[in-house]
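Residue numbers (the numbering used here): 2 to 262.
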């Protein structure tokens, strides 16, 4: 089973589950934890290969890297903790996993909070992935990750997010980085399905105004999907929960409280 951390609330029965992105860990939610655990039960997930993941006890999973398999890792934790329903908060690739969980088990998802959501790869994003696939076995993974981080989070006010993700990525290794790149083969197909298919679950997209790679497609989706809303945060890049933590927390807490009534 993947690593996870739980924080129990004395009176609330509502759960909030946090899902980080590729190369991150549950540590990226450190600016959210205090505010959210004051009101909800909190589940923090470390995706396979990330954070305090135990490679030895999870050896059987090393050859099965698909979006469905990684989503099922999250479901295993939910089942183990007997969490029947939760609000889900994701960042970057974590939003794809949350949307995939909603596809397979919609009754389990109270609402989806999609921070720095990835729902379409533009030409530049696809070129980056192709470059990574080409160089993944040649160039040290940390060099590639630092390069990707700078392309996705280029501005001066994105520095904290960039440094945080690179620091967490150091906990990966070259083999694990290569395994995650296997997901690139199926990402376009699954995102195409998500864009074309609305889901009857309250969905809040929280995007940075400077998230130039991914914001345009999210603007289109929220116009087409009936259950989706969009909040764009100014002076903010891809990692909205770090760049503008206070605004992110206030926005998301207000939304979840409204949907928990």
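Just so you know, even glycine gets a beta-carbon here, dropped at the ideal spot from N, CA and C.
Could you give the residue range of the beta strand (DSSP E) that holds residue i?
i, result
"residue 204", "204-209"
"residue 6", "5-8"
"residue 111", "110-116"
"residue 42", "42-46"
According to DSSP, is residue i part of a helix, a strand, or is it coil?
i, result
"residue 19", "strand"
"residue 228", "coil"
"residue 240", "coil"
"residue 1", "Residue 1 falls outside the range modelled here, since the chain spans only 2 to 262, and no answer is possible."
"residue 14", "coil"
"residue 26", "coil"
"residue 234", "strand"
"residue 90", "strand"
For the alpha helix (DSSP H) containing residue i, name the first residue and the last one.
i, result
"residue 95", "94-105"
"residue 133", "124-136"
"residue 189", "185-197"
"residue 215", "Where residue 215 is concerned, there is no enclosing alpha helix (DSSP H), given that its DSSP letter is neither H nor E."
"residue 79", "68-81"
"residue 169", "160-170"
"residue 147", "142-153"
"residue 34", "34-38"
"residue 180", "175-182"
Are the CB atoms of residue j and residue i within a distance shorter than 9 angstroms?
i, j, result
"residue 44", "residue 5", "yes"
"residue 162", "residue 238", "yes"
"residue 226", "residue 244", "no"
"residue 15", "residue 85", "no"
"residue 18", "residue 75", "yes"
"residue 25", "residue 143", "no"
"residue 68", "residue 98", "yes"
"residue 192", "residue 113", "no"
Suppose the cutoff is 6 angstroms on Cβ atoms and the five residues either side in sequence are ignored; what does the same chain contact list for residue i look like?
i, result
"residue 78", "5"
For the 8 angstroms Cβ check, are there 3 or more pairs between the stretch 88-102 and the stretch 22-38? yes
With three or more C-beta pairs closer than 8 angstroms as the rule, is the stretch 102-119 touching the stretch 129-142? no
Any contact of the stretch 206-213 with the stretch 180-187, i.e. 3+ C-beta pairs under 8 angstroms? With the rule of 3 Cβ pairs closer than 8 angstroms, the stretch 206-213 does not count as touching the stretch 180-187.
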